[in-house]
Amino acid sequence: MRITQATLEHLDLLTPLFVKYREFYGALPFPDSSRAFLEKRLRRKESVIYLALPDDDDKKLLGFCQLYPSFSSLSLKRVWILNDIYVAEDARRQLVADNLIRTAKKMAKDTHAVRLRVSTSSNNQVAQKTYESIGFREDTEFKNYTLPISED
Numbered sequence: 001m002r003i004t005q006a007t008l009e010h011l012d013l014l015t016p017l018f019v020k021y022r023e024f025y026g027a028l029p030f031p032d033s034s035r036a037f038l039e040k041r042l043r044r045k046e047s048v049i050y051l052a053l054p055d056d057d058d059k060k061l062l063g064f065c066q067l068y069p070s071f072s073s074l075s076l077k078r079v080w081i082l083n084d085i086y087v088a089e090d091a092r093r094q095l096v097a098d099n100l101i102r103t104a105k106k107m108a109k110d111t112h113a114v115r116l117r118v119s120t121s122s123n124n125q126v127a128q129k130t131y132e133s134i135g136f137r138e139d140t141e142f143k144n145y146t147l148p149i150s151e152d
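Spelled out as structure tokens, the structure:
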């Protein structure tokens, strides 16, 4: 397999798998809105998306990951948030996620980031084991909270 950074030319290939990722987490598919969302991120250079492709096929996507930049005020350095990662069902158990994460880690190192952050649902044991096998550690120093912002 090979890992490549997504460009606007990859939108038609990426969108269906991105929709499956959203559905995996219980979101409605919204393929047109999903495509528009990805297009905005790529056009504005607001995220970095890596694609896992078979060595011999440019039309098949094995998996993807999307990273967003952030910063740490305490360390005065960049942080990358591994926000989305998904592997096609027929490509699982082929180390696709491992290869995507290793590429993300290299990019984080190349951009002098202090860390790579990832979150997953508390019941996603497979993802947790994958992250831990690559070297991620559960944060025991900080407890994370979210504040939903409603449109009322």
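Those letters in the sequence shown? Residues 1 to 152, per full-length UniProt numbering, in order.
Quick reminder that beta carbons are idealized off the backbone N, C-alpha and C, glycines included.
Please report the residue range of the alpha helix (DSSP H) in which Tyr131 lies.
As a position in the sequence shown, residue 131 is number 131, starting the count at 1. Start and end: Gln125 to Ile134.
How many Å lie between Val87 and Leu116 at the Cα?
In the sequence shown, the residue the question calls residue 87 occupies position 87. In the sequence shown, the residue the question calls residue 116 occupies position 116. Near 19 Å, if we compare the C-alpha coordinates of Leu116 and Val87.
What residue range does the alpha helix (DSSP H) around Asn99 cover?
Counting from 1 along the sequence shown, the entry for residue 99 is found at position 99. Val96 to Asp110 is the span of the alpha helix (DSSP H), which, as asked, contains Asn99.
Using a Cβ-Cβ cut-off of 7 Å (strictly less than) and excluding sequence neighbours within five positions of Leu67, which residues of its own chain qualify?
Along the sequence shown, read from residue 1 onward, the residue named residue 67 stands at position 67. Once the five neighbours on either side are set aside, the close Cβ partners of Leu67 are Ser47, Val48, Trp80, Ile81, Leu82, Asn83 and Ala104.
Spatial distance of Asp90 from Pro16 (CA atoms):
In the sequence shown, counting from the first residue as 1, residue 90 sits at position 90. In the sequence shown, counting from the first residue as 1, residue 16 sits at position 16. Cα-Cα distance, rounded: 14 Å.
Same chain, Cβ closer than 8 Å to Val114, neighbours up to 5 away in sequence not counted:
The residue you call residue 114 lines up with position 114 of the sequence shown. Correct list, in chain order: Ser72, Ser75, Lys77, Arg78 and Val79.
Once the 5 residues before and after Tyr131 are set aside, which same chain residues still bring their CB inside 8 Å of it?
Stepping through the sequence shown from its first residue, residue 131 is reached at position 131. Same-chain partners within the cutoff: Ile101, Val118 and Thr120.
If you follow the beta strand (DSSP E) that Val82 is in, where does it begin and where does it stop?
As a position in the sequence shown, residue 82 is number 82, starting the count at 1. Checking the displayed sequence, the identity of residue 82 turns out to be Leu instead of Val. Run containing Leu82: Lys77 to Val87, per the beta strand (DSSP E) assignment.
Decide if Arg22 is buried, meaning its Cβ has at least 16 other Cβ atoms within 10 Å, or exposed.
Sequence index remark: in the sequence shown, residue 22 carries index 22 (1-based). Burial is judged here by how many other beta carbons sit within 10 angstroms of a residue's own beta carbon; Arg22 has at least 16 and is buried.
Please determine, among Leu51, Asp12, Thr7 and Glu9, the residue with the shortest C-alpha to C-alpha distance to Asp98.
On the sequence shown, residue 98 is found 98 positions in, with the first residue counted as 1. Residue Leu51 is the option with its Cα nearest to Asp98.
Looking only at its own chain, which residues have a Cβ that is under 6 Å from the Cβ of Ile134, when we skip the five neighbours before and after it?
For this step, residue 134 is matched to residue 134 along the sequence shown. Closer than 6 Å at Cβ, skipping near neighbours: Ile101.
Would you report the Cα separation of Asp12 and Val19, rounded to the nearest angstrom?
As a position in the sequence shown, residue 12 is number 12, starting the count at 1. As a position in the sequence shown, residue 19 is number 19, starting the count at 1. Asp12 and Val19: Cα-Cα distance of roughly 11 Å.
First through last residue of the beta strand (DSSP E) which encompasses Phe64:
Along the sequence shown, one-based indexing puts residue 64 at 64. Taken as a continuous stretch (DSSP letters only), the beta strand (DSSP E) holding Phe64 covers Gly63 to Ser72.
Outcome for Gly63 when other beta-carbon atoms lying within 10 angstroms are tallied against a minimum of 16
Counting from one through the sequence shown, the residue named residue 63 turns up at place 63. Gly63 is buried by the Cβ-count criterion.
Might you give, ordered along the chain, the residues of its own chain that have their beta carbon closer than 7 Å to the beta carbon of Lys143, omitting 5 neighbours on each side?
Here residue 143 refers to the residue found at position 143 of the sequence shown. So no residue of the chain qualifies.
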